[in-house]
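These notes are about the structure you will find just below.
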Amino acid sequence: MTYSDSFTQEQFTYGLKKGLFYFLIDGLDEVSDLQQSNIQEEIIKLTLKYPYCPFVVTSRPNEFTTWENFHIAHLLPFDYRRCQSYITKIDFVEERKTEFLEFLTKRKFAEHEEFLSNPLLASMMLLTFDEYGDIPAKRHIFYEKCFQVLIKEHDASKGRFLRPLKSKLSHENLEKVFMYFCAISYQDQKYRFSLQEVDKYIDLSLQIVYSDNKCKENDIRYDFVHSVSLLLQDGNFFEFIHRSFQEYFFAKFIVNDRELELEKKLDNIDGLFSYEKANLIPMIDDMDHDYFETEYILKKLAILNEYFESIDPENEPEKIFEQFNEYLIICSVSLDKENFNLPFFPDSILFDLDKEKKLNYFILINVHKKYRKHIYEYSLNLSSNDILKVVSKYDLCIKKNTIGDNLLQMIEIRLDRKILIELNCTKYAQYIKKSLNDYYHDILFRTTKQRSIIDEIIFKNRNL
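Set out below in structure tokens:
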């Protein structure tokens with residue numbers, strides 16, 4: 000950085016008033032919760048005091064919803080062409096980049112768009128492909144392979160060799176320490192660390208892995224930053240190369256640790272179904288579907304089904320729907336006809352609902368995936384004339400939009416029994432009650448059958 004000793008405070012103030020400076024404030028979401036509101040307030044005061052100076056602030060989504068005098072811009076993900084262009088510019092062996100680009104067809108990009116649309120993860124994809132000759136379809140396998148790639152030294156001229164760790168730990172134990180480091184910091188909602196904080200979390204992690212800890216925190220820190228490159232150092236501060244790696248290792252901890260019941264572990268996570276943690280549950284489910292389904296979903300389904308058992312969806316549909324959201328939407332997508340078909344709930348993750356409703360909604364999404372072919376049996380099939388009568392009677396509003404050549408019409412329905420019955424939403428309530436019950440018994444049957452086969456084949460027919 001260059002600066003002038005003769006540059007004075009008065010000159011700086013003059014420049015501020017004339018709008019001669021641009022302010023770039025990066026990573027606002029990494030500021031601690033205790034300081035967040037104060038810093039936001041200070042930034043807004045500066046913009047009001049020096050209105051001619053442009054301020055650019057970067058953060059994760061949903062940080063700027065209440066900011067006045069700011070325009071919100073969203074970073075667009077890579078499309079196929081931009082991803083290809085980015086790969087060609089990476090400092091990497093040209094021959095291997097060419098192989099990766101040949102592999103990266105439009106179809107492959109579409110399959111892995113979640114990763115390849117992100118610059119950092121796209122570069123990790125290149126490293127993973129170079130090592131394994133393919134790209135894993137599942138998110139957690141991708142992160143696991145990334146770790147295996149990062150823990151090795153890459154040298155195009157000398158070939159590959161395992162990088163010696165300063166901590167003298169095995170790669171397996173270093174990964175364990177990093178997993179607990181991620182788990183503890185994730186629960187504390189810490190994503191950026193001072194030197195003292197990073198060593199504190201390393202020490203806590205070492206206490207879990209070793210009863211007699213003889214490792215030095217600074218050696219582990221060195222390995223995190225230099226040997227596996229999962230932490231980046233900026234002066235005396237540290238952050239993850241990408242926060243999704245912290246989320247992956249936390250999910251891995253949840254699945255690996257079997258001392259505490261899964262239900263208690265997940266229920267103890269703040270904001271489990273919030274926007275910021277929307278990928279956590281699907282990743283846990285993907286890592287060990289049977290464990291997640293039997294130890295978590297099954298228990299939650301039991302509670303829902305017990306509640307629904309005494310409810311008549313035909314005459315009390317609102318008691319079904321209120322377990323998932325505070326209102327319902329019905330819509331029609333029309334080309335040559337305007338019938339209103341299936342109702343649905345808005346995406347609860349993005350709404351300020353209580354944790355129980357978000358959990359129930361997540362379960363319902365899984366039910367929709369499993370019983371999608373049956374859901375159309377419960378279609379409303381109401382004509383526009385039928386809808387208009389109800390809309391007029393109950394002072395409802397039809398919102399219209401276009402998607403391509405289709406006209407989309409939507410009605411937001413409050414959970415009023417008379418309205419729901421008149422709009423024939425009882426069919427959807429019946430579907431929800433029946434499919435949740437079917438899902439519960441399906442899990443029970445599959446797990447019981449699997450356990451029976453294991454007992455029979457492994458434990459009864461072995462020649463000991």
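Each residue of the sequence shown is one higher than the one before, starting from 0 at the first, in numbering that gives the first Met the number 0.
Think of the CB as a built atom: it goes at the ideal place given N, C-alpha and C, for glycine as much as any other residue.
Item checked: CA-to-CA distance, V389 to L261, given in whole angstroms -> By 1-based counting over the sequence shown, the position of residue 261 is 262. By 1-based counting over the sequence shown, the position of residue 389 is 390. Their Cα atoms are separated by approximately 45 Å.
Notebook entry, point to check: Taking Cβ to Cβ, would you say I86 is nearer than 8 Å to L100?
Noted result: The residue given as residue 86 occupies position 87 in the sequence shown. The residue given as residue 100 occupies position 101 in the sequence shown. Going by C-beta atoms, I86 is nearer than 8 Å to L100.
Checklist line | Helix, strand or coil at N380 according to DSSP, with G and I counted as helix | finding: Taking the first residue of the sequence shown as 1, we reach residue 380 at position 381. DSSP places N380 in coil when its eight states are reduced to three.
Next item on the list: Answer yes if the stretch 371-380 comes into contact with the stretch 310-320, meaning at least three C-beta pairs across the two stretches below 8 Å, and no otherwise.
Entry: no
Notebook entry, point to check: Hey, F307 and K356 are a contact pair by Cβ (cut 8 Å); roughly how many whole angstroms apart?
Noted result: As a position in the sequence shown, residue 307 is number 308, starting the count at 1. As a position in the sequence shown, residue 356 is number 357, starting the count at 1. At roughly 15 Å, the Cβ-Cβ gap does not stay under 8 Å, so F307 and K356 are not in contact.
Next item on the list: Alpha carbon to alpha carbon, how far is D211 from V55? Give it in angstroms, no decimals.
Entry: Stepping through the sequence shown from its first residue, residue 55 is reached at position 56. Stepping through the sequence shown from its first residue, residue 211 is reached at position 212. Straight-line Cα distance between these residues: approximately 49 Å.
Margin query: Within 10 Å of its beta-carbon, does K144 have 16 or more other beta-carbons around it, so buried, or fewer, so exposed?
Written below: What you label residue 144 is simply residue 145 of the sequence shown in a count that begins at 1. K144 comes out buried.
Next item on the list: Go ahead and pull the three-state DSSP assignment for L486.
Entry: Given a span of 0 to 463 for the chain in the structure shown, any question on residue 486 remains unanswerable.
Next item on the list: Give a yes or no on whether the C-beta atoms belonging to A182 and F249 are separated by under 8 Å.
Entry: Start at 1 with the first residue of the sequence shown, and residue 182 comes out as number 183. Start at 1 with the first residue of the sequence shown, and residue 249 comes out as number 250. It is a contact, given that the beta carbons lie within the stated cut-off.
Next item on the list: Note down, in chain order, each residue of its chain lying with its Cβ closer than 6 Å to the Cβ of I253, except the 5 sequence neighbours on either side.
Entry: Taking the sequence shown and counting its residues from 1, one reaches residue 253 at position 254. The answer, listed in chain order, is K264, I283.
Margin query: Measuring straight from C-alpha to C-alpha, what distance separates I296 and I452?
Written below: Taking the first residue of the sequence shown as 1, we reach residue 296 at position 297. Taking the first residue of the sequence shown as 1, we reach residue 452 at position 453. Looking at the two C-alpha atoms, the distance is approximately 22 Å.
Notebook entry, point to check: Are at least three pairs of beta-carbons, each pair with one atom in the stretch 266-284 and one in the stretch 224-233, less than 8 Å apart?
Noted result: no
Checklist line | Classification of D25 by the beta-carbon crowding that lies within 10 angstroms, buried from 16 upward | finding: In the sequence shown, the residue the question calls residue 25 occupies position 26. Exposed.
Checklist line | First through last residue of the beta strand (DSSP E) which encompasses L231 | finding: For this step, residue 231 is matched to residue 232 along the sequence shown. Taken as a continuous stretch (DSSP letters only), the beta strand (DSSP E) holding L231 covers 230-233.
Note to self: Looking only at its chain, what residues have a beta carbon closer than 8 Å to the beta carbon of I310, apart from the 5 residues adjacent to it on each side?
What the structure shows: Here residue 310 refers to the residue found at position 311 of the sequence shown. Correct list, in chain order: K318, I319, K432.
Notebook entry, point to check: Q408 bridges to which residues according to DSSP?
Noted result: By one-based count along the sequence shown, residue 408 stands at place 409. Bridge partners of Q408: S331, K399.
Margin query: If I measure Cβ to Cβ from L23 and keep anything under 7 Å in the same chain, skipping five residues before and after, which residues do I get?
Written below: Translated into positions along the sequence shown, residue 23 becomes position 24. Only V55 meet the Cβ criterion.
Checklist line | beta strand (DSSP E) segment containing I24, residue limits | finding: Within the sequence shown, the letter at position 25 stands for residue 24. 22-24 is the extent of the beta strand (DSSP E) around I24.
Note to self: Looking at H170: is its Cβ nearer than 8 Å to the Cβ of Y247?
What the structure shows: Counting from 1 along the sequence shown, the entry for residue 170 is found at position 171. Counting from 1 along the sequence shown, the entry for residue 247 is found at position 248. Result no, Cβ atoms of H170 and Y247 do not sit closer than 8 Å.
Check: Roughly how many angstroms separate the alpha carbons of Q188 and A121, rounded to a whole number?
Finding: Locating residue 188 in the sequence shown gives position 189, counting from the first residue. Locating residue 121 in the sequence shown gives position 122, counting from the first residue. Going by the C-alpha atoms only, they are around 26 Å apart.
Notebook entry, point to check: According to the neighbour-count rule (16 or more other Cβ atoms, all chains shown, within 10 Å of its Cβ), is T97 buried or exposed?
Noted result: For the purposes of this step, residue 97 is taken as residue 98 along the sequence shown, with counting starting at 1. Exposed, because fewer than 16 other Cβ atoms sit within 10 Å of the Cβ of T97.
Next item on the list: Could you spell out where the beta strand (DSSP E) holding V485 opens and where it closes?
Entry: There is no way to answer for residue 485, as the model of the chain reaches only from 0 to 463.
Checklist line | Proximity to C214 [Cα-Cα], best of V176, N436, F236, S166 | finding: Locating residue 214 in the sequence shown gives position 215, counting from the first residue. Of the listed residues, the one whose Cα sits closest to C214 is S166.
Note to self: Please identify the residue among C396, S434, Y179, Q245 whose C-alpha is closest to the C-alpha of L363.
What the structure shows: Looking up residue 363 in the sequence shown gives position 364. That would be S434, whose Cα lies nearest to the Cα of L363.
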